[in-house]
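Engineer: Okay, handing you the structure first.
Residue numbers (the working numbering): 910 to 1371.
Spelled out as structure tokens, the structure:
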């Protein structure tokens, strides 16, 4: 079945679904409404939408097909007229499967009065049995179906295959990495078998190996162009007004996988932290190119994200998965800072600070802006013959999760925390302050040597 292009809008009393399905027969349309779930089938198209509130089919509901435009317009009545339906522009959220929560089914059986003492005893015994069964079902529901559960780590793995990517759902994408020109992959042919601790160790070693003191000092001394980059303002961080996805963006969203994600609270916490590193890379690439991607953009985006280059996303076990400590945010951003100072063309601490501020602005504007950033990254990677793999294992799922499952409240709080966070240069581990001081001394020495009135100047010999 094909998922058609569609849009949703609303009035005070109705929700209007506009579906593009050219060259179909209107009499074959099947529409089913089950409270918040609406399904539309018209061969070869199938659409299933989950709304935030209930709809009904009544005399005011209608379905009209315009063969000249190819659009089927369905009008459904709101069960409670005047209600505001949320997120009708978030197509991935509307398409996400409705979570199924099993509910205990309890049947109450009434008994006729007993005709004898034996019948009365049998009836009371049966009622007692039913009451005990009812309590057991309610206890099972309370213990098993309501409380969050963590999946225990297996004590022993008999396979050398390791998983990676979004929620560790992927494998096999780097089996033939030696036959591709993947300059981002820091694990080489071991990408499929490296443990998380080994990935982190290799990543850190690679960063230290690529760190170049002279390169950093040169960019620190000659920072005229970097200053120009700092003055640029990202439109996603400054644009005001109503947000609306473009037709091209909606088309990409409709091609994303239809998945239901059931992460634990700790996994969700780590997804938000990974999102920070992804947006930092996007902020660096877009700031240094001013939203005009170059042939190097795919490499830059992938190299600056540890979850891409080393398959090493942030992995912490917080005491409270619903909060983000300043220490945890600093640890995550320090990795992004280090990579921005070790690999790309412009290596500047103040540039990294500007990127951190951009990330805070993106997060503060909510899931719509975040998804737009992710879609722009995905567009760059999808058009690269090698690095498209990182869209497969990370960005596709991230786009769906961010739109359908991420919380605007959490993103707002996270954006504020990232904006206010202070990253000390000492946390980077490469003696940045000493290098900057040495650069200042060298510049002052050069200026003194060029001064004709300096004490070190010697009279010319005649």
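Just so it is clear, CB atoms sit at the ideal spot from N, CA and C, and this is done for glycine as well. Quick caveat: nothing in here was measured; it's all calculated off a predicted structure.
What did DSSP end up calling residue 926 once you bin it into helix, strand or coil?
Structural biologist: Residue 926: strand per DSSP, three-state reduction.
Engineer: When you compare only the Cα positions, how much space is there between residue 943 and residue 1210?
Structural biologist: Each residue's Cα considered, the two are about 43 angstroms apart.
Engineer: Quick one: residues in its chain with C-beta nearer than 6 angstroms to the C-beta of residue 965, no 5 flanking neighbours on either side, listed in chain order?
Structural biologist: Contacts found: 986 and 988.
Engineer: Where residue 1239 and residue 1247 are concerned, what is the direct C-alpha to C-alpha distance, given to the nearest angstrom?
Structural biologist: Distance between the alpha carbons of residue 1239 and residue 1247 is about 12 angstroms.
Engineer: In the DSSP assignment, find the unbroken beta strand (DSSP E) run with residue 982 in it and report its ends.
Structural biologist: Here the beta strand (DSSP E) through residue 982 covers 980–987.
Engineer: Going along the chain, which residues of its own chain have a beta-carbon closer than 6 angstroms to the beta-carbon of residue 1260, five neighbours each way excluded?
Structural biologist: Closer than 6 angstroms at the Cβ level, and outside the excluded window around residue 1260, lie 1135.
Engineer: Closer than 6 angstroms by C-beta to residue 1207: which residues in its own chain qualify, once you throw out the five before and the five after it? Chain order, please.
Structural biologist: The residues are 1289, 1290, 1293 and 1296.
Engineer: Using alpha carbons as the reference points, say which of 924, 938, 970 and 968 lies closest to residue 992.
Structural biologist: Nearest option by C-alpha distance: 924.
Engineer: With three or more C-beta pairs closer than 8 angstroms as the rule, is the region 1265–1274 touching the region 1318–1330?
Structural biologist: Yes, the region 1318–1330 is in contact with the region 1265–1274.
Engineer: Alpha carbon to alpha carbon, how far is residue 1325 from residue 921? Give it in angstroms, no decimals.
Structural biologist: Taking the straight line from one Cα to the other gives about 35 angstroms.
Engineer: Taking the beta carbon of residue 1116 as the centre, do at least 16 other beta carbons fall within 10 Å, making it buried, or is it exposed?
Structural biologist: Flag for residue 1116 reads buried.
Engineer: How many Å lie between residue 1102 and residue 1300 at the Cα?
Structural biologist: Rounded to whole angstroms, residue 1102 to residue 1300 spans 21 angstroms at the Cα level.
Engineer: In the DSSP assignment, what are the bridge partners of residue 972?
Structural biologist: Its beta-bridge partners are 983.
Engineer: Does the beta-carbon distance from residue 913 to residue 954 come in below 7 angstroms?
Structural biologist: Result yes, Cβ atoms of residue 913 and residue 954 sit closer than 7 angstroms.
Engineer: Considering only the alpha carbon of each residue, which of 1204, 1162, 1215 and 983 lies closest to residue 968?
Structural biologist: Ranking the options by Cα distance to residue 968, first place goes to 983.
Engineer: Using only CA atoms, which one of 998, 1328 and 1352 lies nearest to residue 1154?
Structural biologist: Looking at the Cα atoms, 998 is the closest of the given residues.
Engineer: Skipping 5 residues on each side, what residues in its chain have a beta carbon closer than 7 angstroms to that of residue 1052?
Structural biologist: For residue 1052, the predicted model reports a pLDDT of 49, less than 50, meaning its position is unreliable and no value from the coordinates is stated.
Engineer: Can you tell me the Cα-Cα spacing of residue 1298 and residue 1082, whole angstroms?
Structural biologist: In a straight line, the C-alpha of residue 1298 is about 7 angstroms away from that of residue 1082.
Engineer: Would you list the residues sitting across from residue 946 in a DSSP beta bridge?
Structural biologist: The partner list for residue 946 (beta bridge, DSSP) reads 943 and 959.
Engineer: Do you know whose CA, among 1076, 1262, 1204 and 1189, lies nearest residue 1173's CA?
Structural biologist: That would be 1076, whose Cα lies nearest to the Cα of residue 1173.
Engineer: In terms of alpha-carbon separation, which member of 1143, 931 and 1284 lies closest to residue 1160?
Structural biologist: Ranking the options by Cα distance to residue 1160, first place goes to 1284.
Engineer: Which residue's Cα is closest to the Cα of residue 1228: 929, 1178, 1118 and 1095?
Structural biologist: When each option's Cα is compared against that of residue 1228, the closest is 1178.
Engineer: Is residue 1232 helix, strand or coil by DSSP?
Structural biologist: In this structure, residue 1232 counts as coil in the three-state DSSP scheme.
Engineer: To the nearest angstrom, how far is the alpha carbon of residue 1232 from that of residue 1336?
Structural biologist: The alpha-carbon atoms of residue 1232 and residue 1336 are separated by roughly 22 angstroms.
Engineer: What does the Cβ neighbour count give for residue 1022, buried or exposed, with the cut at 16 atoms within 10 Å?
Structural biologist: For residue 1022, the predicted model reports a pLDDT of 48, less than 50, meaning its position is unreliable and no value from the coordinates is stated.
Engineer: I'd like to know whether the C-beta atoms of residue 1327 and residue 1268 end up nearer to each other than 7 angstroms.
Structural biologist: Their beta carbons are under 7 angstroms apart, which means residue 1327 touches residue 1268 by this criterion.
Engineer: May I ask you to verify whether the region 1118–1132 touches the region 1339–1348, counting CB pairs closer than 8 angstroms and requiring at least 3?
Structural biologist: Contact between the region 1118–1132 and the region 1339–1348 is present, because at least three Cβ pairs lie under 8 angstroms.
Engineer: Assign residue 918 to one of three DSSP states: helix, strand, or coil.
Structural biologist: Note: residue 918 maps to strand in three-state DSSP.
Engineer: Residue 1074 and residue 1302 - do their beta-carbons sit closer together than 7 angstroms?
Structural biologist: Their beta carbons are under 7 angstroms apart, which means residue 1302 touches residue 1074 by this criterion.
Engineer: With a threshold of 16 other CB atoms inside 10 Å of the CB of residue 1184, please say whether the residue is buried or exposed.
Structural biologist: Counting Cβ neighbours within 10 Å, residue 1184 comes out buried, since at least 16 surround it.
Engineer: Which residues mark the beginning and the end of the alpha helix (DSSP H) in which residue 994 is found?
Structural biologist: Run containing residue 994: none; DSSP gives neither H nor E here.
Engineer: How many angstroms separate the CA atom of residue 950 from the CA atom of residue 1212?
Structural biologist: Cα-Cα distance, rounded: 44 angstroms.
Engineer: Using 10 angstroms around the beta-carbon of residue 1091, count the other beta-carbons present and answer buried if the total reaches 16, otherwise exposed.
Structural biologist: The residue is buried, with at least 16 neighbouring Cβ atoms inside 10 Å.
Engineer: Residue 1145 to residue 1080, Cα distance in whole Å?
Structural biologist: Spanning the two alpha carbons is a distance of roughly 34 angstroms.
Engineer: Grab me the residues of residue 1262's own chain with a C-beta within less than 8 angstroms of its C-beta, minus the 5 sequence neighbours each way, in chain order.
Structural biologist: Here the set comprises 1332.
Engineer: I believe residue 1219 touches residue 1114 by the beta-carbon criterion, under 8 angstroms. Please report the beta-carbon distance rounded to the nearest angstrom.
Structural biologist: About 10 angstroms separates the two Cβ atoms, so there is no contact after all.
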